[in-house]
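Participant: Supplied in structure tokens, the structure appears directly below.
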Amino acid sequence: MSTEVRSGVTPRRRPPMAPMGGLRYGVVLGAVILGLLLLAGRIVTLHVFDRPFLQGQGDARILRTESLTAHRGMITDRNGEPLAVSTPVVTLWANPQEVPDDRIRRLMLAQALGMPLDDLDARLERFGEREFMYLRRQLTPAAAQRVLDLRVPGVYAQHEYKRYYPAGEVVAQLLGVTNVDDMGQEGIELAYQPYLAGTPGQRRVVKDRRGRLVRDLEILREAQPGGELTLSIDQRLQYMAYRELKAAVAEHEAEGGVVVMMDARTGEVLAMANQPSYNPNNRAGIDPRGLRNQAIVDVFEPGSVMKPLAMAAIMESGRFPSDVVVDTSPGWMRIDRFTIRDIRNYGELDLAGILEKSSNIGMSKLVLELDDPLVPDLYRRLGFGQSSETGFPGESVGHMPAPVRWSRSQWAALSYGYGLSVSALQLASAYTALANGGVRMAPSLLKLDEAPAGTPTIDPQVAHELLRIMEQSVQPTTGGRRAAVPGYRVAGKTGTVRKTSGRGYEENAYRSLFAGIAPVSDPRIVTIVMIDNPRAGEYYGGAVAAPVFSRVTGSALRLLDVPPDQRAR
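Residue numbers for the sequence shown follow my numbering, so the first one is 79 and each next one is one higher.
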């Protein structure tokens, strides 16, 4: 018998649970359905109405548009030998806010970058509020990879190009340089910057929040490489001209010098050497004087190398017979307030003798017999006082005095190369008129597809006669004898001119010059040599500049396979 029965007490039973009322059930179900509807509506809103906005916000956090660097065009010599090329490099940059403070990692990073840890810390602190700073520009890919292999947070790579000049200092002033952003700063690099630079492209990529590349999506615009430029320079002749010029400057303890070699038939510049120079691949400790292309930018009084050109105007005038004789005694003369002198009293000289002896008296007396400004007029037709139109940055036009109230001394001075200033390039171009049957060829720094027509400037008969006379100036008994080239007939003229400063002509400071043409039988090249202020004793053009002409021209004729003259010594 159960406990309940024994005690006589009947237990109370819990009533069964009543089912949920209809109203209460409906409220709960409605709330659930409403929530589902709201959630569905929000989903529709996000996926349909807000999708463009949200997609844009998401893309802004992971999608990036990056620039594709355009490959800078190569510069070559006339034979296709590279003079300036662009090589791939890597620039390392950092987000200072992401670089960890861990001393060990920073020390490893500093060592890999090749900088003291204190310098790295100082830079990170200085750019601490920014998201970008350069660590190292233009590293080789191998050196950059050693840094990236450390996997230091906040350190990233950017691929670029760096200009390299295989010929180094040999052609530095003509080519110029680019800056760290591969933009032309000097010379040909600057003159043809838009053509060489090309057009950068663009690509779209996905990056994570740390800026690391996740995936390439598409190329928006292909990078267009820069155009290739073919110069008129022959690298073989350039090396040879630079070597001889550098040796001569050192031998004579000169301040500098220039050699310009031009194709007499086309005006193309085959070599253009300057001293002092610099290495464009390593610009530490550059001598500022070495940056200038003196052959184009600098000007000087040319002195006696102008006498053949002035003689052309005298001969064209028809005022003097071909066998005219000029008495230069006693070796000096007064004009206005000035005294003009020869080195010695040469007595009576014919036209050839005046050029051979380089007589200032003879030239002055002939010019003063002319009533018209024939000499300065011819100088202008030869391009002096005007742009050579090569497009080279800083190209000098020189100085030609205006024919207004000229004194007799000014007339005379022009005939022997004083009172005007020219560049070595202008002088070479003018001499092509003597080499080319009276037709002057404008200078060109670029290789030409065909020879230009040129500008008739000097009477052809006069030009040929002057070439014969100038050949006599390079004979064993003359001052220009050291310019002779074995196996070839050479025509030329020496020049020695005093240097000027702000106070006038300097004492014991000269420029030594030689301008020549070879071979006379069929002129191929014109070469100008200028040695600036030789200080080792000798300073006359025949002693200092003429030997450089001989070595440079002889080597050039052999390299160009020009056959020797049959009548040459």
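A virtual CB, placed ideally from N, CA and C, is assigned to each residue, including glycine.
What you are looking at is a predicted structure, and each value in this text was computed from that prediction instead of being measured.
#1: Relative to the alpha-carbon of Glu-311, which residue among Tyr-320, Pro-534, Gly-305, Leu-114 has its alpha-carbon at the smallest distance?
#2: Quick check on Arg-419: does DSSP put it in helix, strand or coil?
#3: Whose CA, out of Ala-541, Leu-523, Gly-620, Asp-179, lies closest to the CA of Thr-555?
#4: Please tell me whether Ser-522 and Leu-315 are closer than 9 angstroms, where the distance is taken between their beta carbons.
#5: Can you tell me the Cβ-Cβ gap for Tyr-566 and Arg-576, rounded? I've got them flagged as a contact below 8 angstroms.
#6: If you reduce the DSSP assignment to three classes, tell me which class Pro-130 lands in.
#7: Pull up the DSSP beta-bridge partners for Asp-610, would you.
#8: By Cβ distance below 7 angstroms, which residues in the same chain neighbour Lys-443 in space, the five residues on each side in sequence not counted?
#9: Check whether the segment 150-169 touches the segment 228-248, taking contact to mean three or more Cβ pairs, one atom from each stretch, closer than 8 angstroms.
#10: Please say whether Ala-513 and Val-383 have beta carbons closer to each other than 9 angstroms?
#11: Take Leu-170 as the anchor and find which of Pro-219, Asp-199, Glu-159 has the nearest alpha-carbon.
#12: Taking a contact to mean a Cβ-Cβ separation below 9 angstroms, would you say Ile-609 touches Val-630 in this structure?
#13: Tell me the start and end of each unbroken alpha helix (DSSP H) in the segment 459-512 that is at least 4 residues and wholly inside, in chain order.
#14: Report the rounded CA-to-CA distance for Asp-155 versus Leu-460, giving the unit in angstroms.
#15: Using a 10 Å radius around the Cβ and a threshold of 16 neighbouring Cβ atoms, would you call Ala-326 buried or exposed?
#16: Please classify Ala-624 as buried or exposed, where buried requires at least 16 other C-beta atoms within 10 Å of its C-beta.
#17: With 16 other CB atoms within 10 Å as the buried threshold, where does Phe-416 fall?
#18: Drop a sphere of 10 angstroms on the beta-carbon of Ser-80, count the other beta-carbons inside from all chains shown, and report buried for 16 or more, exposed for fewer.
#19: Would you report the Cα separation of Ala-250 and Pro-358, rounded to the nearest angstrom?
#20: Name the two residues that bound the continuous beta strand (DSSP E) containing Val-168.
#21: Nearest to Lys-525 by alpha carbon, out of Arg-343, Ser-590, Ala-373, Pro-194?
#22: Consider the C-beta atom of Leu-492 and the heavy atoms of the ligand COA; say whether any pair is separated by less than 8 angstroms.
#23: On the DSSP bridge list, what partners appear for Arg-518?
#24: Please report the straight-line C-alpha distance between Val-255 and Arg-422, rounded to a whole angstrom.
#25: Could you name the residues of the same chain whose beta carbon sits closer than 8 angstroms to that of Asp-197, not counting the 5 residues immediately before and after it, in chain order?
#26: Given this structure, state the Cα-to-Cα distance separating Leu-635 from Val-337, to the nearest angstrom.
#27: On the premise that Pro-534 lies in contact with Gly-516, defined as a C-beta separation below 8 angstroms, what is that separation, rounded to the nearest angstrom?
#28: Between which two residues does the alpha helix (DSSP H) holding Met-318 run?
#29: Beta-carbon separation of Leu-161 and Leu-253 under 9 angstroms?
#30: For Phe-627, count the other beta carbons within 10 Å of its own beta carbon; 16 or more makes it buried, fewer makes it exposed. Which is it?
#31: If I follow the unbroken beta strand (DSSP E) through Asp-428, where does it start and stop?
#32: Starting from Asp-405, follow the beta strand (DSSP E) in both directions and report where the run begins and ends.
#33: Kindly list the residues whose CB is nearer than 6 angstroms to the CB of Ala-351, restricted to its own chain and excluding five residues on each side of it in sequence; keep chain order.
#34: With DSSP as the reference, please indicate the residues paired to Asn-352 in a beta bridge.
#35: Output yes if chain D places a C-beta closer than 9 angstroms to the C-beta of Lys-577; else output no.
#36: Drop a sphere of 10 angstroms on the beta-carbon of Gln-372, count the other beta-carbons inside from all chains shown, and report buried for 16 or more, exposed for fewer.
Facilitator: Per the coordinate set shown:
#1: At residue 311 the sequence reads Ile, which differs from the Glu that was named. Of the candidates Tyr-320, Pro-534, Gly-305, Leu-114, the one whose C-alpha sits nearest the C-alpha of Ile-311 is Tyr-320.
#2: strand
#3: Gly-620
#4: no
#5: That belief does not hold up - the Cβ atoms of Tyr-566 and Arg-576 are roughly 32 angstroms apart, past 8 angstroms.
#6: helix
#7: Gly-334, Arg-589
#8: Val-404
#9: yes
#10: no
#11: Pro-219
#12: no
#13: 486-493
#14: 27 angstroms
#15: buried
#16: buried
#17: exposed
#18: Low confidence applies to Ser-80: its pLDDT is 45, below 50, so where it sits in the model is not reliable enough to give any reading.
#19: 6 angstroms
#20: 160-172
#21: Arg-343
#22: No copy of the ligand COA occurs in the structure displayed, which carries no ligand at all.
#23: Thr-533
#24: 49 angstroms
#25: Ala-188
#26: 16 angstroms
#27: 6 angstroms
#28: 313-329
#29: yes
#30: buried
#31: 426-428
#32: 403-405
#33: Ala-319, Tyr-320, Leu-323, Val-337
#34: Val-336
#35: In the structure shown, chain D cannot be found, because there is only a single protein chain.
#36: buried
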